[in-house]
Amino acid sequence: KAGPLATVPDPRDPTLGGLLSPDFNDSSCLSRYRAVLYRRPSLHAISSHLISALRRYESLHRQCGPGTPAYARAVERLRAAPNASTTPPSSSSFDCSYLVWNPVEGLGNRILSITSGFLYALLTDRVLLLHSSGGDLDDLFCEPFPGSTWILPAGDKDDFPIRDMEQLGQGHHESLGAVLGRGEDPGGAASPWLYAHLVHNYDAQDRRFFCDDAQAALRRVPWLVFHSDNYFAPGLFLIPGEQHERELSRMFPRRDAVFHHLGRYLFHPSNTVWGMVTRYHEEYFAKADERVGIQVRTFGWAPISADELYGQILKCTQREGILPVPVPGEVVAANADDGRQPAKRKAVVVVSLHGEYSEKLREMYRKDNNGSTTTGGEAVSVYQPTHLGAQRSGEKEHNQQAFAEMVLLGFSDAVVTTAASTFGYVGQGLAGLRPWVLMSPVDEKAPDTPCRHAPTIEPCFHSPPNYDCRAKAEGDAGRMVRHIRHCEDYPQGVQLV
Ligand code: GDP
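The opening residue of the sequence shown carries number 69 in the UniProt record's numbering; numbering runs sequentially from there.
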């Protein structure tokens, strides 16, 4: 019977219109069904095909995940098999295959590479497992798949046979690029596992991951390990061939909400992180009529002084009507006791490693000790949860803080992000909003156009393959298929629109 192909979910539905499995019933993850009460309702339709693909994936993961006989068998075969000749024959009619993720770079990059890996796993019937090195994923996310775990077991007694995965890199003997470079067939069973190097420095051979012939060969490789610092999901839309194209277009009839849907499906804050999020929300956002999130990130490759960047933030937010221009003398306090009430209470949360931007903004909107000033009767209050100074992505608490702030950004009614920041991409994607993007500095100065309204809520794939599989030559990934364009915030990258 023909149902609607895609529907916008009912905002009160805790499963987000069927995106989330209804099968979780414990309190180990308070955020899973509660985040819906805090976020703006999604305006992005979810296809029934995506929903059924997710339910199918969940049952595959339950059948093949850690702790199952199928998993034990697959690990045993991996352990026993330096090469194909010693691989014990399969004792079951059904073999599971796996995709093993490894952490690279900061949490934003990690969330985006996990999401891209998950989309790849959905497309290729692999089971996604996360290799957490040094416990940096501990107490960060809830388990996304009912009745199973997505964490690769790494206990003493069942040590994973592929050792030192964090040291895999370009040119490794088992890397797809090296195998292709030697002219060998990646699916030729020389090894029960392969490594895909999908990091920004990948070479022409590694990039053939995004070609249909390499994909056909990889289907015969039971264990695929990858490293990536990128949102490579758009690259999967570049793989030529009917099979993937058709499946992707059925899952995502609108290509521009891939991370929005998969991100909200996968990343539920652990109870510890959810505690931080709800405390911040209560303190900053709960009483506001309008919530603005501003994410400020500085990069060594795009130097700009703090004053110059502050000026850019002001120019952007005031020019675009995100924040009011304060008028001297006009004082409307957020909590005035003279009986005057502001027309609108606006709460601004700045997230940044540095405190000075929010301090200056707060100062500007504070004319007396009463509260906030503004124009047009709007009262603006400015907050910042943390200013940690520097990135320390190996530390548990640091990552918990970062994730809590990304989730909080996702509760905004308007978001301002920094060009090329994956931290910002996660916030905008969870919010389901096209952000106002603070464009990168030019010669250490704010550009003339301080910010642009992004054309899509999708993250940018910073290092696309730029490889034409048919011609076996360089190509421009931004001109190959209809729904993929160069990114505005990072022109060498591409994104789904
Ligand atoms: P990107 O470098 O902007 O693409 O984002 P990533 O998330 O990959 O890496 C930056 C890392 O620095 C984050 O994961 C955090 O660990 C830290 N960081 C950067 N900005 C902030 C921030 O506003 N708040 C917090 N708590 N941490 C931040």
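Every residue, glycine too, gets a C-beta built ideally from N, C-alpha and C.
Quick caveat: nothing in here was measured; it's all calculated off a predicted structure.
Item: Determine whether the Cβ of Trp369 lies closer than 8 Å to any Cβ atom of chain D.; Value: As a matter of chain content, chain D is missing from the structure shown, which is built from one protein chain.
Item: Starting from Gln459, trace the alpha helix (DSSP H) both ways and give me its first and last residue.; Value: Counting along the chain, Gln459 falls outside any alpha helix (DSSP H), and DSSP gives it neither H nor E.
Item: Please report the distance separating the alpha-carbon of Lys412 from that of Leu377.; Value: 27 Å
Item: Which value, in whole angstroms, describes the spacing of the CA atoms of Glu512 and Ala370?; Value: 7 Å
Item: Since I believe His554 is in contact with Gly561 (beta carbons under 8 Å), could you give me their beta-carbon distance rounded to a whole number of angstroms?; Value: 7 Å
Item: Have a look at Arg80 and Ala282 and give me their C-alpha separation to the nearest angstrom.; Value: 44 Å
Item: Can you check DSSP and say which residues form a bridge with Gln563?; Value: Arg553
Item: Please list the terminal residues of the continuous beta strand (DSSP E) segment that includes Arg123.; Value: No beta strand (DSSP E) holds Arg123; the alpha helix (DSSP H) holding it covers Ser116 to Cys132.
Item: Report the three-state DSSP secondary structure of residue 49 (helix, strand or coil).; Value: Lying before the first or after the last residue shown, residue 49 is absent from the chain, which here runs from 69 to 565.
Item: Is it a yes or a no for the segment 344 to 360 touching the segment 135 to 144, going by three-plus beta-carbon pairs under 8 Å?; Value: no
Item: Does DSSP classify Pro337 as helix, strand or coil?; Value: strand
Item: Val419: buried (16+ other C-beta within 10 angstroms of its C-beta) or exposed?; Value: buried
Item: Hey, would you say the C-beta of Asn93 is under 7 Å away from at least one heavy atom of the ligand GDP?; Value: no
Item: Could you round the C-beta distance between Val565 and Pro523 to whole angstroms and report it? I think they count as a contact, below 8 Å.; Value: 6 Å
Item: If you draw a straight line from the alpha carbon of Val341 to that of Tyr535, how long is it in whole angstroms?; Value: 40 Å
Item: For Ala415, I'd like the list of residues in its chain whose CB is within less than 6 Å of its CB, leaving aside the five on either flank, ordered along the chain.; Value: Tyr352, Phe353, Ala356, Arg359 and Ser449
Item: Go ahead and pull the three-state DSSP assignment for Pro156.; Value: Low confidence applies here, because Pro156 scores a pLDDT of 49, under 50, leaving its location unreliable and the question unanswered by this model.
Item: Kindly give me the distance between the Cβ atoms of Leu248 and Gln273, rounded to whole angstroms, as I take these residues to be in contact under 8 Å.; Value: 5 Å
Item: I'd like to confirm something about Leu476: is its beta-carbon nearer than 7 Å to some heavy atom of the ligand GDP, or not?; Value: no
Item: Please name the residue or residues paired with Asn170 in a DSSP beta bridge.; Value: His295
Item: Counting only runs that start and end within the segment 226 to 308, where is the alpha helix (DSSP H) found for 4 or more residues in a row?; Value: 244 to 249, 272 to 275, 280 to 286 and 301 to 304
Item: Note the first and the last residue of the continuous alpha helix (DSSP H) segment covering Glu358.; Value: It is not in any alpha helix (DSSP H) - Glu358 instead sits in the beta strand (DSSP E) that spans Glu358 to Val364.
Item: Quick one: is Asn177 buried, meaning 16 or more other Cβ sit within 10 Å of its Cβ, or exposed?; Value: buried
Item: Closest to Pro171 by C-alpha separation, out of Met507, Cys164 and Leu180, would be which residue?; Value: Leu180
Item: Give a yes or no on whether the C-beta atoms belonging to Trp504 and His530 are separated by under 8 Å.; Value: no
Item: Do you know how far the Cα of Gly445 is from the Cα of Pro394?; Value: 10 Å
Item: In angstroms with no decimal places, state the Cα-to-Cα distance between Tyr425 and Arg387.; Value: 17 Å
Item: Is Asp536 helix, strand or coil by DSSP?; Value: strand
Item: Does the Cβ of Val484 lie closer than 7 Å to at least one heavy atom of the ligand GDP?; Value: no
Item: What is the DSSP secondary structure of Glu542, counted as helix, strand or coil?; Value: strand
Item: So, for Leu87: in the same chain, excluding its five sequence neighbours on each side, which residues have a beta-carbon less than 8 Å away from its beta-carbon?; Value: Pro77, Ile114, Leu118, Ile119, Leu122, His329, Arg332 and Tyr333
Item: Taking 7 Å as the cut-off, does the CB of Ser489 come closer than this to any heavy atom belonging to the ligand GDP?; Value: yes
Item: Run through the segment 450 to 515 for me and flag every whole alpha helix (DSSP H) of 4 or more residues, listed as ranges in chain order.; Value: 464 to 477 and 490 to 499
Item: Considering just the uninterrupted stretch of the alpha helix (DSSP H) at Arg145, what are its terminal residues?; Value: Pro137 to Ala148
Item: Please tell me whether, using a cut-off of 7 Å, the distance from the CB of Gln563 to the nearest non-hydrogen atom of the ligand GDP is below it.; Value: no
Item: Run the proximity test for Val419: is its beta-carbon closer than 7 Å to any non-hydrogen atom belonging to the ligand MN?; Value: The model depicted lacks the ligand MN and carries the ligand GDP instead.
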